[in-house]
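Numbering (the working numbering), first residue to last: 2 to 333.
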């Protein structure tokens with residue numbers, strides 16, 4: 002895959018580590034070898050996976066002459082935090098549209114990412130009710146800014162379009178290079194599946210390098226049938242943008258929706274257990290919305306003997322630990 006054809010900022014100077022998780026593997030008491038890709042250690046304020054996507058999105062914005070970024074997310078959005086942080090680094094204004102998916106969940110003075118939005122100097126925050134058409138809301142904001150003489154650039158939620166998803170197609174190449182250096186064969190990769198860009202990009206990247214590694218997404222919001230269609234469509238668009246002659250097959254996109262619980266961002270007992278297990282065995286902090294639920298899914302799959310005996314399973318840690326501070330009551 003040739004990524005040099007596309008504008009790209011160089012936010013990431015070195016690969017994030019792939020680490021063994023022997024203590025967690027032992028704690029689960031199964032014949033499985035767990036590994037973790039530490040994208041929580043990516044640069045950007047408090048780190049996280051969106052930096053990979055924003056390398057491409059911010060570069061595209063700058064190439065098009067933008068001076069302002071508009072993006073959207075939930076009220077404790079990790080994506081919004083990172084889009085804002087890289088906007089600061091690029092000397093661009095950043096406006097956030099936050100969707101209150103759980104009624105009355107937005108608290109201006111809350112901790113976690115809400116606090117960081119203010120600390121990082123967000124230009125404006127608009128809170129809209131759950132179910133709002135976020136694309137329309139961002140377009141309306143862009144129209145208002147254009148009327149003021151600004152040059153806004155819209156990044157979709159999660160930076161999950163074909164431009165952003167290339168960040169995880171590139172990550173697949175990075176992972177394979179590391180596995181070769183480690184002389185490690187991985188049988189299965191587990192990723193959180195939310196706005197779809199990470200999952201779709203990884204699927205395209207693994208296909209593009211003929212990795213032969215199974216990939217599964219753990220849903221954080223939508224039902225399986227809906228999420229798989231969204232991921233598949235974005236994977237097709239990303240493969241087309243990269244000029245891949247072979248596309249991702251529909252059967253390559255696999256999601257599990259058993260771990261969403263009552264809804265997006267709403268805590269589950271399994272998530273709490275997973276966050277505590279990772280912290281207590283490997284001193285790794287997950288987040289309660291994405292990586293926590295994805296880890297809960299992986300742990301359950303291990304316990305249900307979904308993976309073959311002795312399998313090497315790689316978990317993608319997408320970051321987001323600042324959100325823990327907004328969920329402290331769930332862990333007490």
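Glycine residues also receive a C-beta, built at the ideal position from the N, C-alpha and C atoms.
Subject >> Exposed unless 16 or more other CB atoms sit within 10 angstroms - verdict on residue 333 >> reply: To locate residue 333, count along the chain shown from 1; it is residue 332. By the 10 Å Cβ count, residue 333 comes out exposed.
Original post:
By Cβ distance below 6 Å, which residues in the same chain neighbour residue 58 in space, the five residues on each side in sequence not counted?
Top reply: What you label residue 58 is simply residue 57 of the chain shown in a count that begins at 1. When the five nearest sequence neighbours on each side are left out, the beta carbons in the same chain lying within less than 6 Å of the beta carbon of residue 58 are those of 156, 160, 164 and 165, in order along the chain.
Original post:
Which ranges does the alpha helix (DSSP H) cover as unbroken runs of at least 4 residues, wholly within the segment 246 to 312, from first to last along the chain?
Top reply: Considered as a whole, the segment 246 to 312 harbours 270 to 283 and 292 to 304 as its complete alpha helix (DSSP H) runs of no fewer than 4 residues, in chain order.
Original post:
Rounded to a whole number of angstroms, what is the C-alpha to C-alpha distance between residue 299 and residue 282?
Top reply: The residue you call residue 299 lines up with position 298 of the chain shown. The residue you call residue 282 lines up with position 281 of the chain shown. When rounded, the distance between both Cα atoms is 16 Å.
Subject >> Unbroken stretches of the beta strand (DSSP E), 3 residues or longer, contained in the segment 39 to 119 >> reply: 69 to 75 and 94 to 101
Original post:
Could you check where the alpha helix (DSSP H) with residue 130 kicks off and where it finishes?
Top reply: Taking the chain shown and counting its residues from 1, the one referred to as residue 130 is at position 129. Not the alpha helix (DSSP H): residue 130 falls in the beta strand (DSSP E), residues 125 to 130.
Original post:
Are the beta-carbon atoms belonging to residue 204 and residue 134 less than 8 Å from one another?
Top reply: Stepping through the chain shown from its first residue, residue 204 is reached at position 203. Stepping through the chain shown from its first residue, residue 134 is reached at position 133. No.
Subject >> Separation of residue 274 from residue 34, as counted between CA atoms >> reply: Along the chain shown, one-based indexing puts residue 34 at 33. Along the chain shown, one-based indexing puts residue 274 at 273. Taking the straight line from one Cα to the other gives about 19 Å.
Original post:
Considering only residues of the same chain and omitting the five flanking positions on each side of residue 293, which have a CB-CB separation below 6 Å?
Top reply: The sequence position of residue 293 within the chain shown is 292, counting from 1. Around residue 293: 272, 275, 276 and 287.
Original post:
Do residue 63 and residue 91 have their CB atoms nearer than 8 Å?
Top reply: Indexing the chain shown from 1 puts residue 63 at position 62. Indexing the chain shown from 1 puts residue 91 at position 90. Yes; because the gap between Cβ atoms is below 8 Å, this pair is in contact.
Original post:
With 16 as the cutoff for other CB atoms within 10 Å, does residue 184 come out buried or exposed?
Top reply: Position 183 of the chain shown holds residue 184. When all chains shown are included, residue 184 counts as exposed.
**OP:** Please confirm whether residue 194 and residue 232 have their CB atoms less than 8 Å apart.
**Re:** Within the chain shown, numbered from 1, the residue matching residue 194 stands at position 193. Within the chain shown, numbered from 1, the residue matching residue 232 stands at position 231. Less than 8 Å separates the beta-carbon of residue 194 from that of residue 232.
Original post:
Using the beta-carbon count (16 or more within 10 Å), is residue 144 buried or exposed?
Top reply: Position 143 of the chain shown, counted from the start, is the residue given in the question as residue 144. Per the 10 Å Cβ criterion, exposed.
Original post:
Should residue 94 and residue 68 be called a contact, given that it needs their Cβ atoms to be closer than 8 Å?
Top reply: For the purposes of this step, residue 94 is identified with residue 93 of the chain shown, where counting begins at 1. For the purposes of this step, residue 68 is identified with residue 67 of the chain shown, where counting begins at 1. Result yes, Cβ atoms of residue 94 and residue 68 sit closer than 8 Å.
Subject >> Interface flag, residue 3 vs chain B, CB-CB below 8 Å >> reply: The structure shown has no chain B; it contains just one protein chain.
**OP:** Could you pull the start and end residues of the beta strand (DSSP E) that residue 231 belongs to?
**Re:** Within the chain shown, the letter at position 230 stands for residue 231. Per DSSP, residue 231 lies in no beta strand (DSSP E) segment; the continuous alpha helix (DSSP H) that holds it begins and ends at 225 to 243.
Subject >> residue 365 and residue 13 closer than 8 Å at C-beta >> reply: Summary: the structure shown does not reach residue 365, with the chain confined to residues 2 through 333, and so no result is reported for it.
Subject >> residue 227 classed as buried or exposed, judged by whether at least 16 other C-beta atoms fall within 10 angstroms >> reply: Stepping through the chain shown from its first residue, residue 227 is reached at position 226. The residue is exposed, with fewer than 16 neighbouring Cβ atoms inside 10 Å.
Original post:
Looking at the unbroken beta strand (DSSP E) that takes in residue 193, where does it start and where does it end?
Top reply: Here residue 193 refers to the residue found at position 192 when the chain shown is read from its first residue. According to the DSSP assignment, residue 193 belongs to the beta strand (DSSP E) that extends over 189 to 194.
Original post:
Per DSSP, what kind of secondary structure is residue 26 in: helix, strand or coil?
Top reply: The residue labelled residue 26 in the question sits at position 25 within the chain shown. Correct three-state label for residue 26: helix.
Original post:
For the beta strand (DSSP E) that residue 19 lies in, which residues bound it at each end?
Top reply: Translated into positions along the chain shown, residue 19 becomes position 18. Its beta strand (DSSP E) spans residues 19 to 21.
Original post:
Just checking, does the segment 214 to 223 make contact with the segment 235 to 250 on the three C-beta pairs under 8 Å criterion?
Top reply: no
**OP:** Rounded to whole angstroms, what's the CA-CA distance from residue 41 to residue 83? Just pull it up for me.
**Re:** The residue given as residue 41 occupies position 40 in the chain shown. The residue given as residue 83 occupies position 82 in the chain shown. Their backbone Cα atoms lie some 12 Å apart in a straight line.
**OP:** Please state whether DSSP places residue 158 in a helix, a strand or coil.
**Re:** As a working note, residue 158 is residue 157 in the chain shown. Residue 158: helix per DSSP, three-state reduction.
**OP:** Using the Cα positions of residue 189 and residue 315, report the straight-line distance between them to the nearest angstrom.
**Re:** The sequence position of residue 189 within the chain shown is 188, counting from 1. The sequence position of residue 315 within the chain shown is 314, counting from 1. Computed Cα separation, rounded: 6 Å.
Subject >> Nearest-angstrom Cα separation, counted from residue 18 out to residue 313 >> reply: Position 312 of the chain shown, counting from 1, holds the residue named residue 313. Position 17 of the chain shown, counting from 1, holds the residue named residue 18. Answer to the nearest angstrom: the Cα atoms are 16 Å apart.
Original post:
Going straight from the alpha carbon of residue 130 to that of residue 43, what length do you get?
Top reply: For this step, residue 130 is matched to residue 129 along the chain shown. For this step, residue 43 is matched to residue 42 along the chain shown. Going from the Cα of residue 130 to the Cα of residue 43 covers about 31 Å.
**OP:** Using the Cα positions of residue 96 and residue 39, report the straight-line distance between them to the nearest angstrom.
**Re:** Looking up residue 96 in the chain shown gives position 95. Looking up residue 39 in the chain shown gives position 38. If I take the Cα positions, the gap works out to 29 Å.
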